[in-house]
Structures are given as C-alpha cells and as structure tokens.
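Just below is one structure, and these are the notes that go with it.
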C-alpha cells in the first residue's frame with residue numbers, strides 16, 4: 847500500500863533557527879511530491895517537485911527531492927513566528943494522492 | 224484568499240442523514256478535487272472532476288458521491304452519515320486535469336459534525 851511518512855511529527859524552535867522537515871514515500875507510479883503549509887484552515891501550496899524539477903527555492907524556504915532515496919526535505923532558514931504551522935507533504939501517484947500526517951512546527955519568539 | 228469558495232462553513236447533522244457540500248472553483252479552473260481531513264486519518268484525497276467528468280477516485284466511500292456541473296461548480300453528497308464522517312471537507316481547484324503537475328488551490332473547508 848502507498849505510504850507517505852513525515853518526520854518529525856512536531857518541532858519547536860526559536861526565531862532565527864533553521865529547520866529541516868522530512869518526507870519519505872513508498873508509492874507506485876510516482877509523479878510528483880508537493881509541500882503545503884496549513885495554518886488555521888486550508889492548506890496553501892509551497893512547492894511541487896517532479897522528476898524534471900528536483901529542487902525549488904522561494905525566499906527562506908527550499909525543498910529537494912531525492913528520487914533515489916524516495917524522500918524530500920523542506921528547509922526553512924531564519925525562522926519567524928509566522929512560520930508556525932503544520933507542514934504537509936503529499937505524493938501524487940497514478941490515480942491517487944497521499945498525504946503524510948504532517949509536521950507541526952512551532953517557532954517561539 | 225484562494226478564490227475557491229465552499230458552502231456551508233459549518234454543518235451539524237445527525238447520524239443517518241444526508242448532506243450536500245458545495246464548491247465553486249477559481250475562475251478559469253476546470254478541475255475540482257475533494258478532500259477529507261479528520262484527526263485520526265489526516266488529509267485524504269476523495270475524488271477529482273475535470274470539466275464535468277470524473278477523473279480520479281481516491282479513498283471515497285460508496286456512501287459518498289460527487290458531481291461537477293456545467294458551470295464547473297461541484298457538490299459532494301454524503302449519505303447515511305456516521306459519527307466517523309465528522310471531519311473538515313476541503314475542495315480544491317486547478318487549471319488542468321493533470322494533478323501531478325499543477326498547483327491546487329484549496330477552499331476554506333466545510334466542517335461537518337455528525338451527532
């Protein structure tokens with residue numbers, strides 16, 4: 847059965863710290879991996895990584911896809927309190943889209 | 224604001240009942256997706272419609288059904304409701320049919336409580 851696992855489940859850091867969130871997957875017919883940020887309600891899109899685009903960067907956030915290791919990392923540098931959220935990883939495969947349980951990031955002032 | 228609207232915001236009903244959730248996609252988007260988010264199951268993909276036709280099915284129960292209308296809005300019908308159906312139901316939309324290569328924009332969700 848397809849599986850997406852995120853780690854850690856929860857993380858508490860202080861402003862200015864750098865964090866790395868992990869996502870590993872076991873799916874058939876991998877097509878893409880997506881990262882979302884979920885604050886209070888709806889997830890908002892961060893990055894999409896595919897075989898043709900394995901590294902993305904936007905401001906303080908960056909993500910890399912390792913197709914050999916079947917994993918991805920999301921890096922956030924110089925964290926701010928506004929980065930506090932649940933970060934979801936999702937993998938698109940064939941007919942399905944599987945989400946991980948998420949990493950709850952808390953950034954303390 | 225993603226441009227995706229969902230109604231109602233909250234819905235409280237009893238076991239055994241049937242409800243309809245409504246979603247209007249972003250202007251120009253042809254694909255609509257439905258997701259269920261519960262505390263124990265996390266976020267789960269239910270179903271995708273593209274330009275009125277069903278394109279992909281995920282973890283959707285047989286008691287649930289959906290459709291997309293000519294004006295591209297979509298409805299998710301949940302019947303014979305059980306306590307375990309209590310969850311946040313999200314609708315998302317995207318421009319194309321290809322889920323793997325285009326960004327989805329999520330609506331604010333409908334919180335369903337089954338008593």
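Chains as they are written, first to last, in the working numbering: chain A, 847 to 955; chain B, 224 to 338. We put the CB at the ideal spot given by N, CA and C, even for glycine. A quick note: this is a predicted structure, and the numbers were derived from the prediction, not measured.
Do you know offhand how far residue i's Cα is from residue j's?
i, j, result
"residue 919/A", "residue 933/A", "11 Å"
"residue 320/B", "residue 252/B", "9 Å"
"residue 282/B", "residue 327/B", "18 Å"
"residue 278/B", "residue 916/A", "26 Å"
"residue 287/B", "residue 310/B", "14 Å"
"residue 946/A", "residue 852/A", "6 Å"
"residue 858/A", "residue 948/A", "14 Å"
"residue 325/B", "residue 902/A", "15 Å"
"residue 285/B", "residue 912/A", "36 Å"
"residue 268/B", "residue 848/A", "13 Å"
"residue 908/A", "residue 883/A", "13 Å"
Going along chain B, which residues have a C-beta under 8 Å from residue i?
i, result
"residue 889/A", "266, 313, 329"
Counting only beta-carbon separations shorter than 8 Å, does residue i have a partner in chain B?
i, result
"residue 948/A", "yes"
"residue 942/A", "yes"
Residues of chain B with a CB under 9 Å from the CB of residue i: which are they?
i, result
"residue 934/A", "265, 266"
Please tell me whether residue i has its Cβ less than 8 Å away from any Cβ of chain A.
i, result
"residue 225/B", "yes"
"residue 251/B", "no"
"residue 281/B", "yes"
"residue 239/B", "no"
"residue 275/B", "no"
Just checking residue i against the ligand NAD - is the residue's beta carbon closer than 7 Å to any of the ligand's heavy atoms?
i, result
"residue 236/B", "By its list of ligands, the structure shown contains no ligand whatsoever, and the ligand NAD lies outside what it can speak to."
Report all residues from its chain with a CB closer than 6 Å to the CB of residue i; omit the five preceding and five following residues, and keep chain order.
i, result
"residue 885/A", "931"
"residue 240/B", "304"
"residue 880/A", "894, 936"
"residue 266/B", "258, 260"
"residue 856/A", "950"
"residue 860/A", "954"
"residue 300/B", "243, 288"
"residue 274/B", "253"
"residue 247/B", "228, 296"
Show which residues of chain A have a CB atom less than 9 Å away from the CB atom of residue i.
i, result
"residue 326/B", "880, 891, 894"
Only counting the same chain, and skipping five residues up and downstream in sequence, which positions put a Cβ closer than 7 Å to that of residue i?
i, result
"residue 929/A", "922, 951, 953"
"residue 906/A", "922, 923, 924"
"residue 280/B", "270"
"residue 876/A", "937, 939"
Between residue i and the rest of its own chain, which residues show a CB-CB distance below 8 Å, the 5 nearest in sequence each way excluded?
i, result
"residue 234/B", "242, 244, 333, 334, 335, 336"
"residue 276/B", "291"
Taking 8 Å as the CB-CB cut-off, is residue i touching chain D?
i, result
"residue 331/B", "Protein chains in the displayed structure are A and B, and chain D is not among them."
Check distances from the C-beta atoms of the stretch 301 to 321 of chain B to those of chain A and list, in chain order, the residues that come in under 7 Å. 313
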